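S.K.:
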Amino acid sequence: MSDTIQEGQVVSMEYSLQVDGKVVDSSDGDEPLEFLVGFDNIIEGLEDEMLSMKVGESKKVIVSPEDGYGEYDDEAFMDVPRSEFPADMPVKPGLEMEVTDEEGNPMYARIEAVKGDQITLNFNHPLAGKELHFSVKVLSIRDATEEELEHGHAHTNGGHHH
16 MSDTIQEGQV VSMEYSLQVD GKVVDSSDGD EPLEFLVGFD NIIEGLEDEM
66 LSMKVGESKK VIVSPEDGYG EYDDEAFMDV PRSEFPADMP VKPGLEMEVT
116 DEEGNPMYAR IEAVKGDQIT LNFNHPLAGK ELHFSVKVLS IRDATEEELE
166 HGHAHTNGGH HH
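All you need for this note's numbering is the position in the sequence shown, starting with 1, plus 15.
(1) Note down, in chain order, each residue of its chain lying with its Cβ closer than 8 Å to the Cβ of residue 176, except the 5 sequence neighbours on either side.
(2) Have a look at residue 134 and residue 106 and give me their C-alpha separation to the nearest angstrom.
(3) Report yes if the CB atom of residue 154 is closer than 7 Å to the CB atom of residue 27, and no otherwise.
(4) Which full runs of the beta strand (DSSP E) of 3+ residues lie inside the segment 105–152, going along the chain?
(5) In terms of residue numbering, what span does the alpha helix (DSSP H) encompassing residue 89 cover?
(6) To which residues does DSSP link residue 24 through a beta bridge?
(7) Is the segment 143–150 close to the segment 26–41, with three or more CB pairs under 8 Å?
(8) Unbroken alpha helix (DSSP H) runs of length 4 or more, entirely within the segment 17–77: which are they?
(9) Helix, strand or coil for residue 80? Go by DSSP, reduced to three states.
(10) What's the C-alpha gap between residue 66 and residue 82?
(11) Beta-carbon separation of residue 126 and residue 108 under 7 Å?
(12) Which residues in the same chain as residue 52 place their Cβ atom closer than 7 Å to its Cβ, once the five residues preceding and following it in sequence are excluded?
(13) By Cβ distance below 6 Å, which residues in the same chain neighbour residue 64 in space, the five residues on each side in sequence not counted?
(14) Decide if residue 169 is buried, meaning its Cβ has at least 16 other Cβ atoms within 10 Å, or exposed.
(15) What distance in whole Å lies between the Cβ atoms of residue 111 and residue 122, which are believed to be in contact at a cut-off of 8 Å?
See the structure below:
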């Protein structure tokens, strides 16, 4: 058995993510992130880089937009009438929400602009078009249970981290 990370294993790691020189996400002061390798639990570009790592190893990984949250799409905007939003929802630019597409899949959106009764939604992920600078440290590697493999993600104590 090899010591390095392989598909079908659960990796526990500490990480921080910097974008444009600012930390936007980090496991610092929180539970380490656990993910199941080979099931798109984490960004592909990061997972690929971690496959050669061992327990205790740290690494800095730079993920390009196409391996991260995609390129920024100037077309990914939609005007929606105010009446489609719940009346008690405070609609203001910058508000983030989850909307469902025609197939019922959840999508990220945020309000870009409000003009009278027209609300412009931006479907670009906030990190679209950004280079992602990860700093990761592998804390442990274990084989996934059958249940985890069946569900396609790690089962951690205290709920799911996505």
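The C-beta atom is built at its ideal place from N, Cα and C for all residues, glycine as well. Quick caveat: nothing in here was measured; it's all calculated off a predicted structure.
M.R.: Let me lay it out:
(1) Caution applies to residue 176, whose pLDDT of 46 falls short of 50 and renders its modelled position unreliable; the value that the coordinates give is listed next. Once the five neighbours on either side are set aside, the close Cβ partners of residue 176 are 46, 48 and 49.
(2) 8 Å
(3) yes
(4) 111–115, 121–130 and 133–137
(5) Neither: residue 89 is in no alpha helix (DSSP H) and is coded neither H nor E.
(6) 158
(7) yes
(8) 59–65
(9) helix
(10) 15 Å
(11) yes
(12) 20, 21, 22, 23, 24, 26 and 62
(13) 76
(14) buried
(15) Not a contact, Cβ separation roughly 11 Å.
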